[in-house]
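Chemist: Chains A and B, in that order, give the protein sequences.
When we follow my numbering, the leftmost residue of the first sequence carries the number 21, and every step to the right adds one.
When we follow my numbering, the leftmost residue of the second sequence carries the number 0, and every step to the right adds one.
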Amino acid sequence: DQQVKQNSPSLSVQEGRISILNCDYTNSMFDYFLWYKKYPAEGPTFLISISSIKDKNEDGRFTVFLNKSAKHLSLHIVPSQPGDSAVYFCAAAAKGADGLTFGKGTHLIIQP
Amino acid sequence: EAQVTQNPRYLITVTGKKLTVTCSQNMNHEYMSWYRQDPGLGLRQIYYSMNVEVTDKGDVPEGYKVSRKEKRNFPLILESPSPNQTSLYFCASRKGRISYNEQFFGPGTRLTVL
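(1) Below 8 Å on the Cβ atoms is my contact criterion, and I expect A/F53 with B/N100 to pass it. Report the Cβ-Cβ distance as a whole number of Å.
(2) For B/K16, which residues of its own chain have a beta-carbon under 7 Å away from its beta-carbon, when the five flanking residues on both sides are left out?
(3) If we define contact as Cβ-Cβ less than 8 Å, is A/Y45 a contact residue for chain B?
(4) For A/S94 versus A/L128, is the C-beta spacing smaller than 8 Å?
(5) Leaving out five residues on either side along the sequence, give the residues of the same chain with a beta carbon under 8 Å from the beta carbon of A/T117.
(6) Which whole-angstrom value describes the C-beta separation of B/E52 and B/R67, a residue pair presumed to lie in contact below a C-beta threshold of 8 Å?
(7) Would you call the CB atoms of A/S100 and A/L86 closer than 8 Å?
(8) Do A/Y108 and A/K57 come within 8 Å of each other at the CB atom, strictly closer than that value?
(9) Below 8 Å on C-beta distance, what does A/L54 contact in chain B?
(10) Could you check whether B/F89 and B/G107 sit closer than 8 Å to each other, using their CB atoms as the reference points?
(11) So which residues of chain A does B/P106 contact, with C-beta pairs closer than 9 Å?
(12) Please confirm whether B/F89 has its beta-carbon closer than 8 Å to some beta-carbon of chain A.
(13) When the distance is taken between beta carbons, is A/A111 closer than 8 Å to A/V33?
(14) Listed from N- to C-terminal order along the chain, which residues in the segment 16-36 of chain B have their beta-carbon within a distance smaller than 7 Å of any beta-carbon of chain A?
(15) At a Cβ threshold of 8 Å, is A/L120 touching chain B?
(16) Since B/Q36 and B/L87 should fall inside the 8 Å C-beta cutoff, what is the C-beta to C-beta distance between them, to a whole number of angstroms?
(17) For A/G125, does the count of other Cβ atoms within 10 angstroms reach 16, so buried, or fall short, so exposed?
(18) 8 Å is my cut-off, CB to CB: does A/A114 come that close to chain B?
(19) How is A/G103 classed by DSSP in three states: helix, strand or coil?
(20) Whose Cβ in chain A lies nearer than 8 Å to the Cβ of B/Y47?
(21) With DSSP collapsed to three states, give me the class of A/Y108.
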C-alpha cells in the first residue's frame, strides 16, 4: 500500500512556464515532507521541505504547498529551466519514526 | 568536499554468491541508511543505523545484513543474493535523526543478480 503517491510518472513543460508536481499521502502521522531531485547516474539531492505546521515554503524558483486536509502537496517551479529536467521524488517523515517514505517519482521534462 | 561514496557502482553477479557494497561518508554523520530503488516503487529503506554498533531494520530488510563498526562506514551485505535483489541501491547519511534537509545520498550501485 503506497503511503506516498505521485500519480504522474512524467510531465512535460515548456521552458519558462510553471511546472507543478503533485503528491498525495495517506498516513496521518506524516508531519514533514520533502522533495528530492535526481539526475541520471546520481543520487537524489534535497530540494525543498515543509513542516506540517506550515502551508507554504518558498526557496527561489521553488515553492512547496501543503494542504493537510486533502493530504496533498505540490511543488511549483517558476520559471522552468532546462536544468530542471530530472526525476522528482516526494518523501514524507512520520513523527517518531526513522527514515523516509518515498513516492515513485515524476520525470519532469523541460522542453526548449 | 562533503560526500557519500559507494563501491562498486555497477555489479553483475550470480545467485548465491556473497557480496558486499561499501558505503563511506566524510561528514561525521551519525545516521546512515540504505535504500533500494525499483521501477514503479520509488525508494524503500532497507536498513538504517543511528550510530556505531546501532542498526535497525527498515521497510524491506529481508535478504540483507549491515554492520556499523566505524562511524564513517556502513556496508550492505548480501549473504546469498537472489534475482529479486536486482536493483539500484543508494546509501545515505545525515547528521541527526530528523536532519532530512541535510541528508546526502551516494551515487548509487546498480546490482544485477543472474
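Glycine included, each C-beta is placed from N, C-alpha and C at the ideal position.
Modeler: The relevant details are as follows:
(1) As a position in the first sequence, residue 53 of chain A is number 33, starting the count at 1. As a position in the second sequence, residue 100 of chain B is number 101, starting the count at 1. About 11 Å separates the two Cβ atoms, so there is no contact after all.
(2) Stepping through the second sequence from its first residue, residue 16 of chain B is reached at position 17. Hits under 7 Å: P80.
(3) Taking the first sequence and counting its residues from 1, the one referred to as residue 45 of chain A is at position 25. It does not; no Cβ of chain B falls within 8 Å.
(4) Locating residue 94 of chain A in the first sequence gives position 74, where the first residue counts as 1. Locating residue 128 of chain A in the first sequence gives position 108, where the first residue counts as 1. The answer is no: Cβ separation not under 8 Å.
(5) For the purposes of this step, residue 117 of chain A is identified with residue 97 of the first sequence, where counting begins at 1. In the sequence on display, residue 117 of chain A carries Ala and not Thr. So the qualifying residues of the chain are M49.
(6) Your numbering for residue 52 of chain B matches position 53 in the second sequence. Your numbering for residue 67 of chain B matches position 68 in the second sequence. Between B/R67 and B/E52 the Cβ distance is about 6 Å, and since that is below 8 Å, they are a contact.
(7) Numbered from 1 along the first sequence, position 80 holds the residue referred to as residue 100 of chain A. Numbered from 1 along the first sequence, position 66 holds the residue referred to as residue 86 of chain A. Not closer than 8 Å, so no.
(8) As a first step, residue 57 of chain A is located in the first sequence; it is residue number 37 there, counting from the start. As a first step, residue 108 of chain A is located in the first sequence; it is residue number 88 there, counting from the start. Yes, the pair counts as a contact, with Cβ atoms nearer than the cut-off.
(9) As a working mapping, residue 54 of chain A is identified with position 34 in the first sequence. Within chain B, the residues near A/L54 are Y99 and N100.
(10) As a position in the second sequence, residue 107 of chain B is number 108, starting the count at 1. As a position in the second sequence, residue 89 of chain B is number 90, starting the count at 1. Yes; because the gap between Cβ atoms is below 8 Å, this pair is in contact.
(11) Translated into the one-based positions of the second sequence, residue 106 of chain B becomes position 107. Here the neighbours are A61, E62 and G63.
(12) The residue you call residue 89 of chain B lines up with position 90 of the second sequence. B/F89 counts as touching chain A.
(13) Residue 33 of chain A sits at position 13 when you count from the first residue of the first sequence. Residue 111 of chain A sits at position 91 when you count from the first residue of the first sequence. Their beta carbons are not under 8 Å apart, which means A/V33 does not touch A/A111 by this criterion.
(14) S32
(15) Along the first sequence, one-based indexing puts residue 120 of chain A at 100. Chain B contact via Cβ: present.
(16) As a first step, residue 36 of chain B must be located in the second sequence, where it is residue number 37. As a first step, residue 87 of chain B must be located in the second sequence, where it is residue number 88. B/Q36 to B/L87, Cβ: 4 Å. Contact.
(17) Mapped onto the first sequence, residue 125 of chain A falls at position 105. Buried.
(18) Along the first sequence, one-based indexing puts residue 114 of chain A at 94. Not closer than 8 Å to any Cβ of chain B, the Cβ of A/A114 fails to qualify, so no.
(19) The sequence position of residue 103 of chain A within the first sequence is 83, counting from 1. A/G103 falls in the helix class under three-state DSSP.
(20) What you label residue 47 of chain B is simply residue 48 of the second sequence in a count that begins at 1. Within 8 Å Cβ-Cβ: D118 and G119.
(21) By one-based count along the first sequence, residue 108 of chain A stands at place 88. It is a strand residue.
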